[in-house]
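K.L.:
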Amino acid sequence: MRAQSLLSGLVPFLCTLQIAVAQTPSERLEQLFTRQPLAEWFAPRFLQQVSAEQVAGIVAQLKQQYGAFERVEGEGTEYEVILERAIVPTRIALDAEGRIIGLFFSPPMPRTRKPDELLAEFRQLPGTTSLLVLKNGREFLALRPDTVLAVGSSFKLAVLAALKDAIEAGRHRWDEVVRLQPTWKSLPSGFLHTWPDGSPLTLHTLAALMISQSDNTATDALLALLGREAVEAYAPHNRPFLSTREAFILKNPANQEYARRFLEADETGRRDLLATIQDLPLPDASVFSGDPVLPEIEWFLSVRELCRLIESVHELPLTQINPGVARREDWRQVAFKGGSEPGVLNLTTYLIDKQDNTYCVSATWNDTKALDETRFFGLYRRLLQSLQTTP
1 MRAQSLLSGL VPFLCTLQIA VAQTPSERLE QLFTRQPLAE WFAPRFLQQV
51 SAEQVAGIVA QLKQQYGAFE RVEGEGTEYE VILERAIVPT RIALDAEGRI
101 IGLFFSPPMP RTRKPDELLA EFRQLPGTTS LLVLKNGREF LALRPDTVLA
151 VGSSFKLAVL AALKDAIEAG RHRWDEVVRL QPTWKSLPSG FLHTWPDGSP
201 LTLHTLAALM ISQSDNTATD ALLALLGREA VEAYAPHNRP FLSTREAFIL
251 KNPANQEYAR RFLEADETGR RDLLATIQDL PLPDASVFSG DPVLPEIEWF
301 LSVRELCRLI ESVHELPLTQ INPGVARRED WRQVAFKGGS EPGVLNLTTY
351 LIDKQDNTYC VSATWNDTKA LDETRFFGLY RRLLQSLQTT P
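If you read the sequence shown in my numbering, its first letter stands for residue 1, the second for the next number, and so on.
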């Protein structure tokens with residue numbers, strides 16, 4: 001997010017005054033920890049709740065307790081402020097003029113760097129967590145790696161694996177063109193649901209959007225093309241394998257009776273029921289913005305299964321468009337897919353370091369309430385960093 005406004009902090013340069021501009025949330029955070037906060041850095045609606053002086057007091061307390069500021073890491077709205085003796089998970093949002101409209105500091109975490117110490121922190125998360133780190137194909141770190149949990153959009157790795165194999169078998173081509181059907185359109189994430197019916201799209205475009213943008217409509221298009229049963233071979237705990245549209249319809253509170261029947265039915269009954277709900281309308285996306293909604297209706301995989309899936313597709317360039325929380329410059333190659341919804345988080349990354357060691361790092365967190373994404377992302381990011389210094 002690029003700031004447009006000028007800050008009021010003026011610095012002399014060649015007998016003139018120049019104005020420093022904070023262009024990114026990361027730069028704003030660095031300013032907060034290295035300079036006295038100014039009211040001009042905050043949007044008026046933020047200052048109605050918290051004053052610049054209060055923010056300055058919180059920052060001063062953090063530095064006094066945990067040492068000097070070192071750097072900021074992260075992207076989007078999720079960051080980590082690295083202090084001498086702790087890491088402070090932080091959420092920050094800016095308005096169009098570069099002023100802070102949202103700022104939240106999570107409890108500081110010790111700067112643990114050893115993988116086994118980080119594993120202990122994953123164990124302390126409420127709910128159920130699973131973690132698997134493979135190094136050169138061998139188990140390096142594990143926490144319930146075979147426990148099958150809800151993984152959100154990470155299930156799309158199964159769709160991609162099925163597509164890759166179908167193309168290699170000659171049944172499809174990456175440059176094959178299909179036309180967007182209204183029955184494929186789903187809710188966000190993604191944007192293809194806003195495109196006109198009949199828009200021509202290659203299978204490569206659909207796959208790239210499915211993985212890099214987690215586009216649900218692209219996913220449902222590929223699932224319809226490949227066939228439900230074909231994808232089920234890559235995710236055996238998901239029979240029948242739901243499209244995202246079907247999942248949203250079943251989770252819709254207005255369709256409680258359909259959801260009850262689905263959950264009580266055997267596999268044949270579930271397949272029959274899915275055929276009857278295809279024409280039902282999608283709910284409003286706001287239905288899924290709060291607490292978990294029917295977590296029993298999901299996609300379920302273990303982290304070991306996710307590692308097998310991402311290993312089978314990591315060489316596809318489209319898996320490397322979005323590196324997730326990994327720093328692309330730290331690795332020779334990064335392939336990533338994640339999934340999240342209320343009560344569900346998964347991050348799965350395949351990495352090749354500069355010494356040609358390979359890693360798969362997959363972590364899942366399920367709970368019956370909303371999750372602390374900043375804490376989870378921070379732990380995962382530090383785990384990736386720790387692997388670079390592990391012999």
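C-beta atoms are modelled at their ideal positions from N, C-alpha and C, and glycine is treated no differently.
From Phe-46 to Ser-302, what does the alpha carbon distance come to, in whole angstroms?
P.N.:
Their Cα atoms are separated by approximately 42 Å.
K.L.:
Identify, in the order they occur along the chain, each residue of the same chain with its Cβ nearer than 6 Å to the Cβ of Gln-333, setting aside the five sequence neighbours on each side.
P.N.:
Ile-352
K.L.:
Of the choices Gln-61, Phe-241, Pro-44, whose alpha-carbon is the least far from that of Thr-268?
P.N.:
Its Cα nearest to that of Thr-268, the residue Phe-241 stands out among Gln-61, Phe-241, Pro-44.
K.L.:
Please specify which runs of the alpha helix (DSSP H), each continuous and at least 4 residues long, are wholly inside the region 141-178, giving them in chain order.
P.N.:
156-168
K.L.:
Given this structure, state the Cα-to-Cα distance separating Pro-89 from Phe-376, to the nearest angstrom.
P.N.:
Take the alpha-carbon of Pro-89 and the one of Phe-376: they are about 10 Å apart.
K.L.:
Can you give the Cα-Cα distance for Ala-207 and Val-231, rounded to whole angstroms?
P.N.:
14 Å
K.L.:
So the beta strand (DSSP E) Glu-121 belongs to, where does it begin and stop?
P.N.:
For Glu-121, there is no enclosing beta strand (DSSP E); the residue is found in the alpha helix (DSSP H) stretching over 115-123.
K.L.:
Contact between the region 181-201 and the region 277-288: three or more CB pairs below 8 Å?
P.N.:
yes
K.L.:
What's the C-alpha gap between Gln-64 and Arg-85?
P.N.:
11 Å
K.L.:
Are three or more beta carbon pairs between the region 271-280 and the region 122-133 nearer than 8 Å?
P.N.:
no
K.L.:
Among Trp-41, Lys-164, Ala-56, Tyr-79, which has the Cα closest to the Cα of Ala-326?
P.N.:
The shortest CA-to-CA distance from Ala-326 to any of Trp-41, Lys-164, Ala-56, Tyr-79 is the one to Tyr-79.
K.L.:
Provide the residue(s) that pair with Gly-333 in DSSP beta bridges, ordered along the chain.
P.N.:
The residue you asked about is not Gly; residue 333 is Gln in the sequence shown. Bridge partners of Gln-333: Ile-352.
K.L.:
Measuring only between beta-carbons, confirm whether Arg-375 sits less than 7 Å from chain E.
P.N.:
Of the protein chains in this structure there is only one, and it is not chain E.
K.L.:
Can you tell which of Pro-108, Asn-136, Arg-308, Leu-141 has the C-alpha that lies nearest to the C-alpha of Glu-117?
P.N.:
Leu-141
K.L.:
At the level of alpha carbons, what is the spacing between Pro-107 and Phe-300?
P.N.:
Cα-Cα distance, rounded: 31 Å.
K.L.:
Considering only residues of the same chain and omitting the five flanking positions on each side of Ala-224, which have a CB-CB separation below 8 Å?
P.N.:
Within the same chain, Ala-224 has close Cβ partners Gln-181, Thr-183, Trp-184, Ser-243.
K.L.:
Any contact of the region 348-368 with the region 168-179, i.e. 3+ C-beta pairs under 8 Å?
P.N.:
no
K.L.:
When the Cβ atoms of the region 339-346 are set against those of the region 371-385, are three or more pairs found closer than 8 Å?
P.N.:
Yes: at least three Cβ pairs fall under 8 Å.
K.L.:
Assuming the contact rule is C-beta atoms closer than 8 Å, Met-109 and Ile-87 should be a hit. Round their C-beta distance to whole Å, please.
P.N.:
With a contact defined as Cβ atoms closer than 8 Å, Met-109 and Ile-87 qualify at about 5 Å.
K.L.:
Run the CB neighbour count on Val-50, radius 10 Å, all protein chains shown included, and call it buried at 16 or more, exposed below.
P.N.:
exposed
K.L.:
Helix, strand or coil for Pro-188, going by three-state DSSP, please let me know.
P.N.:
coil
K.L.:
Leu-309 to Trp-41, Cα distance in whole Å?
P.N.:
45 Å
K.L.:
If the criterion is Cβ atoms closer than 7 Å, does the pair Leu-318 and Ile-211 meet it?
P.N.:
yes
K.L.:
Measure the beta-carbon distance from Val-361 to Leu-384 and round it to whole angstroms, keeping in mind my assumption that it falls under 8 Å.
P.N.:
6 Å
K.L.:
Taking the alpha-carbon of Phe-33 as reference, which of Phe-105, Glu-75, Leu-273 has the nearest alpha-carbon?
P.N.:
Phe-105
K.L.:
Could you tell me which residues DSSP puts in a beta bridge with Ser-51?
P.N.:
BP columns for Ser-51 are empty, so no partner.
K.L.:
Determine which residues share a DSSP beta bridge with Asn-346 and list them.
P.N.:
Answer is Gly-339, Thr-364, bridged to Asn-346.
K.L.:
Which residue comes first and which comes last in the beta strand (DSSP E) that contains Thr-128?
P.N.:
Counting along the chain, the unbroken beta strand (DSSP E) around Thr-128 starts and ends at 128-135.
K.L.:
Look at the alpha carbon of Val-72 and the alpha carbon of Leu-273, and state the distance between them as a whole number of angstroms.
P.N.:
50 Å
K.L.:
Going by other Cβ atoms of all chains shown within 10 Å of its Cβ, with 16 needed for buried, is Asp-291 buried or exposed?
P.N.:
Exposed: under 16 other Cβ atoms inside 10 Å.
K.L.:
Let's test the definition: count the other Cβ atoms within 10 Å of the Cβ of Asn-136 and tell me whether it reaches 16, buried, or not, exposed.
P.N.:
exposed
K.L.:
Distance check for Leu-226 and Lys-164, CA to CA, integer angstroms please.
P.N.:
For Lys-164 and Leu-226, the distance between alpha carbons rounds to 11 Å.
K.L.:
For Leu-387, is the classification buried or exposed, using 16 other Cβ atoms within 10 angstroms of its Cβ as the cut-off for buried?
P.N.:
buried
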